[in-house]
């Protein structure tokens, strides 16, 4: 769902003043002065407006809008997540409803359609809302539903990446990383401008949302963001060649899954060839 004119709902906590708008300057700055027993209108250019509500363009606007939305959802028994403040959940018996907020866009999900409808009706009673229908695309993530469950992918994001770096018709690779290559900080020639490498790795990090198969490789590449070399750049480009062979790959949220928390961990003892530091990590699903 989309909230119309979201920032206008925020309540200001500070005194905020604004210059008069063009066309209203003279009209709004007139004051009445008593002169010789008669009331005379005079122009005072020092007059300004005092805002009663938030407006678009104010520094306080995003914060005050989210504060307004948060308090509204909490009044309807939604609980704000401590690990992700943009996530709100509500559990009533066996019914579970969650609302994920991105500025003025809200994703509503749950296991009970009546509870979802109740959440929509409540929000519509508080704000001017627009129902966008079933979720199909959000922040580069494509959502597809079938009998097996909900499939999340970033196909368009991958294709745009390949097109940006001229690898649309490249020969795909089977592995995202060369198993015989040990990347270190002192391997290769330092790039004159690290920004292209940093941008590419940043885009790959976002892609790991639905592509855990490249998570390890991207993690290794992200260690050299401050001083990348040509070897690091070649390794990053290799990930793109790997992605060209499987742009449709993603994550399936199976409808028959038990939805139980599972955790995996691994470690590498003194695996860094430069510092001899160990690497450890974990993943929760």
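In our numbering, the protein residues as written are 3 to 287. Virtual Cβ for every residue (Gly too), placed ideally from N, Cα, C.
Open item on the list: Can you give me the C-alpha to C-alpha distance between residue 194 and residue 222, rounded to a whole angstrom?
Closed with: As a first step, residue 194 is located in the chain shown; it is residue number 192 there, counting from the start. As a first step, residue 222 is located in the chain shown; it is residue number 220 there, counting from the start. Looking at the two C-alpha atoms, the distance is approximately 21 Å.
Open item on the list: Is the separation between the beta-carbon of residue 230 and that of residue 266 shorter than 9 Å?
Closed with: Stepping through the chain shown from its first residue, residue 230 is reached at position 228. Stepping through the chain shown from its first residue, residue 266 is reached at position 264. No, these two residues do not count as a Cβ contact at 9 Å.
Open item on the list: Whole angstroms are fine: how far does the CA of residue 51 sit from the CA of residue 19?
Closed with: Walking along the chain shown from the start, residue 19 turns up at place 17. Walking along the chain shown from the start, residue 51 turns up at place 49. Distance between the alpha carbons of residue 19 and residue 51: 5 Å.
Task: Simplified DSSP assignment, three categories, for residue 68 - done: Here the question's residue 68 lines up with position 66 in the chain shown. In this structure, residue 68 counts as helix in the three-state DSSP scheme.
Task: Of the residues 232, 180, 82, the one placed nearest residue 197, counting alpha carbons only - done: Here residue 197 refers to the residue found at position 195 of the chain shown. Taking only the C-alpha atoms, the option nearest residue 197 is 232.
TODO: To the nearest angstrom, report how far apart residue 249 and residue 167 are at their CA atoms.
DONE: By 1-based counting over the chain shown, the position of residue 249 is 247. By 1-based counting over the chain shown, the position of residue 167 is 165. Spanning the two alpha carbons is a distance of roughly 15 Å.
Open item on the list: Alpha carbons only, please: which of 258, 145, 201, 272 is nearest the one belonging to residue 252?
Closed with: One-based indexing of the chain shown puts residue 252 at position 250. That would be 145, whose Cα lies nearest to the Cα of residue 252.
TODO: Could you spell out where the alpha helix (DSSP H) holding residue 59 opens and where it closes?
DONE: Sequence index remark: in the chain shown, residue 59 carries index 57 (1-based). Here residue 59 belongs to no alpha helix (DSSP H), and DSSP marks it neither H nor E.
TODO: List the whole-angstrom C-beta distance separating residue 143 from residue 128, where the pair is believed to meet the contact cut-off of C-beta under 8 Å.
DONE: As a first step, residue 143 is located in the chain shown; it is residue number 141 there, counting from the start. As a first step, residue 128 is located in the chain shown; it is residue number 126 there, counting from the start. About 27 Å; that fails the 8 Å criterion.
Open item on the list: Can you give me the C-alpha to C-alpha distance between residue 33 and residue 22, rounded to a whole angstrom?
Closed with: Along the chain shown, read from residue 1 onward, the residue named residue 33 stands at position 31. Along the chain shown, read from residue 1 onward, the residue named residue 22 stands at position 20. In this predicted model, residue 33 has a pLDDT of only 49, less than 50, meaning its place in the structure is not dependable; the value taken from the coordinates is given anyway. Answer to the nearest angstrom: the Cα atoms are 14 Å apart.
TODO: Determine which residues share a DSSP beta bridge with residue 94 and list them.
DONE: Here residue 94 is taken as the residue at index 92 of the chain shown, counted from 1. According to DSSP, residue 94 bridges with 97.
- [ ] Could you check if residue 235 is buried or exposed, using at least 16 other CB atoms within 10 Å of its CB as the buried criterion?
- [x] As a working note, residue 235 is residue 233 in the chain shown. Its Cβ being crowded by 16 or more others within 10 Å, residue 235 is buried.
TODO: Can you tell me which of 3, 263, 176, 261 puts its alpha carbon nearest to the alpha carbon of residue 123?
DONE: Stepping through the chain shown from its first residue, residue 123 is reached at position 121. Of 3, 263, 176, 261, the residue nearest in Cα terms is 3.
- [ ] May I ask which residues mark the beginning and end of the alpha helix (DSSP H) holding residue 232?
- [x] For this step, residue 232 is matched to residue 230 along the chain shown. First-last of the alpha helix (DSSP H) with residue 232: 232–245.
Open item on the list: Under 8 Å, with one C-beta from each stretch per pair, do the region 49–63 and the region 93–105 reach the 3-pair mark?
Closed with: no
- [ ] Can you tell me which of the three DSSP states residue 197 falls into?
- [x] The residue labelled residue 197 in the question sits at position 195 within the chain shown. Helix.
Open item on the list: On the CB-based measure, 16 or more other CB atoms within 10 Å of its CB, does residue 87 come out buried or exposed?
Closed with: As a first step, residue 87 must be located in the chain shown, where it is residue number 85. Flag for residue 87 reads exposed.
Task: Per-residue DSSP class, three states only, for residue 128 - done: By 1-based counting over the chain shown, the position of residue 128 is 126. Here residue 128 sits in helix by DSSP.
Task: Straight-line Cα distance separating residue 116 from residue 280 - done: Here the question's residue 280 lines up with position 278 in the chain shown. Here the question's residue 116 lines up with position 114 in the chain shown. Each residue's Cα considered, the two are about 50 Å apart.
Open item on the list: As a quick exercise: from 255, 137, 218, pick the residue whose alpha carbon is nearest that of residue 238.
Closed with: For the purposes of this step, residue 238 is taken as the residue at position 236 of the chain shown. Nearest option by C-alpha distance: 218.
Open item on the list: Measuring straight from C-alpha to C-alpha, what distance separates residue 247 and residue 179?
Closed with: The count along the chain shown starts at 1 and reaches residue 247 at position 245. The count along the chain shown starts at 1 and reaches residue 179 at position 177. Cα to Cα, residue 247 sits roughly 14 Å from residue 179.
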